[in-house]
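Undergrad: Let me give you the structure first, and then I'll get to my questions.
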Amino acid sequence: MMALLTEPVRTGLVRRFDPWLLVCAVSLSVLGVAMVYSTTWVRLVADGDPGAYFATRQALFVVLGGLAAWVMYRLDRSALLRLALVGYAASLVGLLAVLSPLGTTINGTRAWLTLPGGFTLQPAEFAKVVVVLLAAVLLSDRSGPRGLDQPPEPAAVLGVLGATGLVAFLLLLQPDLGSAVVIAVAVLGVLFVAGVRRRFLVLLLLGAVAAGVGAYLLGVLDAYQVARFTAFLDPAADPQGVGYNVSQAAIAIGTGGVDGQGLLQGAQTQGAFVPYQYTDFIFSAVGEELGMLGGLLVIGLLVALLMRGVSAAARADRFGALVATGVVAWLGAQGFENLGMNLGLLPVTGVPLPLVSYGGSSVIAAWMGVGLLLRVSRY
Amino acid sequence: MTQTLPPVDAAARRAKRSPAQRRLALLRVVILAVGLTIAARMVWMQTAQSAQYQAKAQIAQTDVVAVPAARGDIVDRTGRILAGNRTAYQVVVDQTVDSEVLDRLAQLAGVPVDDLSARMIVCGQPDAQPGACYRGLPGEPVPVLTDVPVRRALAISDAGLEEVSVQQVAVRDYPSAANAAHVLGYLGEGEGRSGLEAQYDDVLRGTPGEARRELSREGQARRDIVQQPEAGRTLVTSLDIDTQRVAERALRKAVRAARAEGYKAIGGSVVVMDVDTGAVRALASYPTYDPNIWAAGVTDDQYAALTAKKSGRPLVFRPTQALAPPASTFKSLTTVAASNAGFDLKGTYDCPSSVVIGGQVFRNYESRAYGPISLAQALSVSCDSVFYRLGYQMWKRDGGLDGADAAEDVVRTARSFGLGSATGIDVPGEAGGSIPDREQVRSEYEQQRDDYCRRAKTGYPEEPDRARAKLLKSYAKDYCRSGYQYRAGDAMNTAIGQGRTLVTPLQMATAYAAIANGGTVVTPHLGVQLRGDGSTDIEPTPRGRADADRATLSYVRKALATTTVTGTASGAFLGFPLAEYPVAAKTGTAEVAGKQSTSWFASFAPADDPQYVVVVNVDQGGLGAATSGPVARAVYEQVFGIER
């Protein structure tokens, strides 16, 4: 097992992708569809639906995500470069569009564009892939193969920071603090692995913290964001609002015990006591119905996916390594933040659990990331 | 740079790795560390803490509900309780109670079981009965019996029925010997809806506390008080329970006596007020009702009775809401107005039995002819003809029918004493009244002309009484032609307090208080102080100064003091120790077309150093002196402690 987590499969020149990556991603997606069904069927049946509406859609998203992953897997480096630039431009347009009257506000965040057929598009999810890809492109040498051991050119670093900052700024306008933090952490990861001097990274981190504190002091943050943060520190302070969500999720997980109450059997889950359980709080349903074993499986699959991603990076050329690092840092930051808020360890910022939570944009974007990891793992 | 060397094998391994590989290795470490932390947290929650979450899971819902604060008392000036709280027993049952238990409870309580089940149906459901249905929160026990007698409550408690319990609750209570129902007002769903209860609701109510309410999965509610309520403050009023009781009793007696004489006497008022401060010592209204009926909730039938004309509309607070012409009690104001207009207070004025102006005969109503008399005597004996003439003369001086820039001394003076507008007393719902001047007569005509002119043509075909229909039609014709005019008759009627002048007994009391205190128009009030958490005095500012000089007021006071000795009220005050407690008074008998006359008695005492003003009025109660005089006398006997 430890070998799986640390040692890359080295059988001479690997031209085949790393199958473990695919196993982890597919397992998480299948679990996700099952949990989406478990958390939504009761209310759907009450409304006269057979019960599988959301689960079916989630399965469709996974299939679409698989297709997107296959495309990412097949694209060559120059195509990826073009995709990064075009995708970045498209992301900016999308992020501006949600702020325009075209956007839809859900739970206080203006982050969605309405599509025909009852679908919505969340540009922030795709912005994550694109920014990671763009950072890798910019920090790789254009003049020829250059190892990971040489530091990147300062102009490239500034370009990455500028591109990331612009997207983060647009995300904060929605406001989508969670996605902004995830993107920032992902880019920091890429910069770190790309060999940017530590002193510089520390300064960046301090700057980010100072910006956060300043935003709080200047009152830029909405009341609900502050409430979410204080609720994380003391869920009892606001038993009706976010604190309610946090404490109900904790009750679900805590009552799961070792082997869980069984799929479709969780009292908290089936009684619909946890708001947003099929999206951001899906892990609480895992914890209640599948118990400690199910929870450890999800955490283990996520960690394994990330570890195999790092292994792929270790074998790849500079560009591939940076792409893989970016995807790992992104999925890791988002996944751990989501698990942390489900377990009451981190404040609630409304980011989905990659591959598991319900949501088309989120699932497809995560699978694009998986596709990139699979591509890099071929080196 | 000095650095401790790492162990050899580690150093060797590190040397093999490039810096980039080392950075990736660090990334692995971070991923593993965070993953393990999260896994550890989850395992801890699901093992060590699992029992704790199991307990929390039993609570299906949490919310915060208000805990009502104990309502503040309303007390009289000596601290005796007018409105307080008493403990009542109520029986509550869980919403899940079964019908056998309910049957047994109905037996014990001696009520039909349908009454109990009706109380358990949540309002808004198809078979819910308004008034009986349950308005509370889900999961809470439902009160099915309120204000249960102690013995019954004990019996029910002893029976030990499952899901039934007896609770003690605070109920608004009016324990005093006085009624004062209108003054105190009543509550609706814990909120002051009228009277002092409404006026001072925010201070009486206090600050509600907060309780965290937990609803279990089984539907049981549990409360934890997180913030204690803060009791409401006590309202100290200027009312005196003894004076109030005497005023109420005397008024009731006066009404009965008037009815025995053949008057309808549909209702009456007594106002007893401090002349200097406007602090009200008693405010009686007849008919009244039992304020305790509100505690248990008034049924539709009860409410209909409270507002019906047949029962005299007991909800109407007559001292501040019943408008009537002030009749001869207004002559004191006409006297002041005449003085303001330059008439000589020392002169003599002829008092014939009638005066004829423009072919119309104006007769004395209360008095006979006295010949030439002083104004003081004219007041004392209430000679109409003297005041008719004063009114006529002032009207002529104002320019008669034209009167573009008329001084209108009578109207202006009366208004300066606070007549014809609300006094600002701290009891909601006060009526304004009116003293029409030329301008107002004109503007009313503009509004009503079309109606009357149409009626002048069509008549009143819907009126069954032919004679009355004819009279109305001729009145409509007259009004249509010349209703805009402020005629001599209007001015003369105003001068004797008739015509279209409408005031409340409380306004009259304020005007007489101003005569008594030297011209200050006080703001009548009941609230004096708020106690509890320190004390705050309530001191309303006076409304202003009446348009009267001190000499004139002194003259009027002396004139009024003779009324009880030799004037119209001498009979009512026969045997009263007037030497010790001289009473200044003016009687009045208001005529309203088609109704019996309304009896007025406006007074203050002691006449030489006034303390209290007492105004009595009995609607359709006959003569002022005969019907209302004895009421005022009874009040003075109480406030001065005079043994009869």
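Taken in order, these protein sequences are the chains called U and A. If you're matching positions, the first sequence starts at 5 in the working numbering and goes up one per residue. If you're matching positions, the second sequence starts at 74 in the working numbering and goes up one per residue. C-beta: ideal position from N, C-alpha, C; glycine also.
#1: Could you check the C-alpha separation between A323/A and V594/A for me, to the nearest Å?
#2: Taking 9 Å as the CB-CB limit, is L349/U close to chain A?
#3: When you compare the CB of I255/U with every CB in chain A, is at least one pair closer than 9 Å?
#4: Pop quiz: V184/A and V215/A are said to be a contact at Cβ under 8 Å. What is the actual Cβ separation, rounded to whole angstroms?
#5: Do you know offhand how far P149/U's Cα is from S315/U's?
#6: Just mark W117/A as buried or exposed, buried being the case when its beta carbon has 16 or more other beta carbons within 10 Å.
#7: Count the other C-beta atoms from every protein chain shown that fall within 10 angstroms of the C-beta of S547/A, then say buried if there are 16 or more, exposed otherwise.
#8: Is D136/A helix, strand or coil by DSSP?
#9: Compute the Euclidean distance between the alpha carbons of Y465/A and G694/A, then round it to the nearest angstrom.
#10: Counting only beta-carbon atoms, is A284/A nearer than 9 Å to chain U?
#11: In angstroms, rounded to a whole number, what distance separates the CA positions of W24/U and T113/U?
#12: Figure out for me which residue from S33/U, L71/U and L35/U has the closest Cα to the Cα of L376/U.
#13: Is the CB of Q62/U under 9 Å away from at least one CB in chain A?
#14: In its own chain, which residues sit with a C-beta less than 7 Å from the C-beta of V319/A, not counting the 5 before and 5 after it?
#15: By alpha-carbon positions, which one of L48/U, L138/U and Y228/U ends up nearest to V90/U?
#16: Using the beta-carbon of each residue, which ones in chain A are nearer than 8 Å to I303/U?
#17: Can you tell me whether P445/A is helix, strand or coil according to DSSP?
#18: Classify S627/A as buried or exposed, calling it buried when 16 or more other Cβ atoms lie within 10 Å of its own Cβ.
#19: Identify, in the order they occur along the chain, each residue of the same chain with its Cβ nearer than 6 Å to the Cβ of A131/U, setting aside the five sequence neighbours on each side.
#20: By the 10 Å Cβ neighbour count, where 16 or more other Cβ atoms means buried, how is A451/A classified, buried or exposed?
#21: Under a Cβ-count criterion, where at least 16 other Cβ atoms within 10 Å of its own Cβ denotes burial, should D24/A be classed as buried or exposed?
#22: Could you tell me how far apart the beta carbons of V348/A and P613/A are, in whole angstroms, since I believe they sit closer than 8 Å?
#23: Helix or strand or just coil, what does DSSP make of R560/A?
#24: At which residues does the beta strand (DSSP E) containing Y685/A begin and terminate?
#25: Taking the Cβ atom as the reference point for each residue, do G55/U and Y41/U lie within a distance shorter than 9 Å?
#26: Where does D274/A sit, in a helix, a strand or coil, going by DSSP?
#27: Quick one: residues in its chain with C-beta nearer than 6 Å to the C-beta of P425/A, no 5 flanking neighbours on either side, listed in chain order?
#28: Return the bridge partner residues of I286/U from the DSSP annotation.
#29: Can you give me the C-alpha to C-alpha distance between S147/U and E157/U, rounded to a whole angstrom?
#30: In this structure, how does DSSP classify Y438/A when only helix, strand and coil are distinguished?
#31: Measure from the alpha carbon of T283/U to the alpha carbon of each residue in L297/U, G363/U, R61/U and L177/U, then state which is nearest.
#32: Under 8 Å by Cβ, that's how I've got G330/U and A184/U pegged, so tell me the actual separation to the nearest angstrom.
#33: Consider the Cβ of A333/U: report whether some Cβ of chain A lies at a distance smaller than 9 Å.
#34: Give me, in chain order, the residues of the same chain whose beta-carbon lies closer than 8 Å to that of A167/U; leave out the 5 immediate sequence neighbours on both sides.
#35: Using a C-beta to C-beta distance shorter than 7 Å, which residues of chain A count as neighbours of A271/U?
#36: Taking 9 Å as the CB-CB cut-off, is T10/U touching chain A?
TA: Walking through what the data contain:
#1: Taking the straight line from one Cα to the other gives about 28 Å.
#2: By this cut-off, L349/U is an interface position.
#3: Closer than 9 Å: yes.
#4: In fact, because the Cβ distance is near 15 Å, the residues do not count as touching under 8 Å.
#5: Its pLDDT being 49, under 50, P149/U is placed unreliably by the model, and nothing is read from it.
#6: Flag for W117/A reads exposed.
#7: Here S547/A is exposed: its Cβ has fewer than 16 other Cβ atoms, across all protein chains shown, within 10 Å.
#8: Shown here, D136/A sits in a strand according to DSSP, grouped into three states.
#9: Computed Cα separation, rounded: 29 Å.
#10: Proximity of A284/A to chain U, defined by a Cβ-Cβ separation below 9 Å, is not satisfied.
#11: Roughly 36 Å between the two C-alpha positions.
#12: When S33/U, L71/U and L35/U are compared, the shortest CA-CA separation from L376/U is found for L71/U.
#13: Under the Cβ criterion of 9 Å, Q62/U is not counted among the residues facing chain A.
#14: Closer than 7 Å at Cβ, skipping near neighbours: A707, V708 and Q711.
#15: Among L48/U, L138/U and Y228/U, the Cα nearest to that of V90/U belongs to L138/U.
#16: The answer, in chain order, is G108, I111, A112 and M115.
#17: Taken through DSSP and simplified to helix, strand or coil, P445/A comes out as strand.
#18: Exposed, since its Cβ has fewer than 16 Cβ neighbours within 10 Å.
#19: Leaving aside the five residues that flank A131/U on each side, the residues in its chain whose CB is nearer than 6 Å to its CB run, in chain order, S95 and V171.
#20: Result: buried.
#21: Not covered by the structure: residue 24/A. The range shown for chain A is 74 to 717.
#22: The C-beta separation of V348/A from P613/A comes to about 15 Å, leaving the pair out of contact by the 8 Å criterion.
#23: R560/A falls in the coil class under three-state DSSP.
#24: Start and end: Y685 to D692.
#25: If you check the CB distance, G55/U and Y41/U come in under 9 Å.
#26: Helix, per DSSP.
#27: The answer, listed in chain order, is A442 and S458.
#28: Paired residue(s): none; I286/U is not in a bridge.
#29: Confidence at S147/U is low in this model, with a pLDDT of 48, below 50, so the placement of that residue should be treated as unreliable; the coordinate-derived value is given next. Per the coordinates, the alpha-carbon of S147/U lies some 12 Å from the alpha-carbon of E157/U.
#30: The three-state reading of DSSP puts Y438/A in coil, since its state is none of H, G, I, E or B.
#31: By alpha-carbon distance to T283/U, the top candidate from L297/U, G363/U, R61/U and L177/U is G363/U.
#32: Contact between G330/U and A184/U is ruled out by a C-beta separation of about 16 Å, above the 8 Å threshold.
#33: Chain A places a beta carbon closer than 9 Å to that of A333/U, counting this residue as a contact.
#34: If we look at A167/U and ignore the five residues flanking it on each side, its Cβ neighbours are Y92, V135, L138, A139 and L142.
#35: A130, listed in chain order.
#36: Low local confidence applies: a pLDDT of 44 at T10/U is under 50, so the model's placement there is unreliable, with the coordinate-based value given in what follows. Judged by the 9 Å Cβ criterion, T10/U is in contact with chain A.
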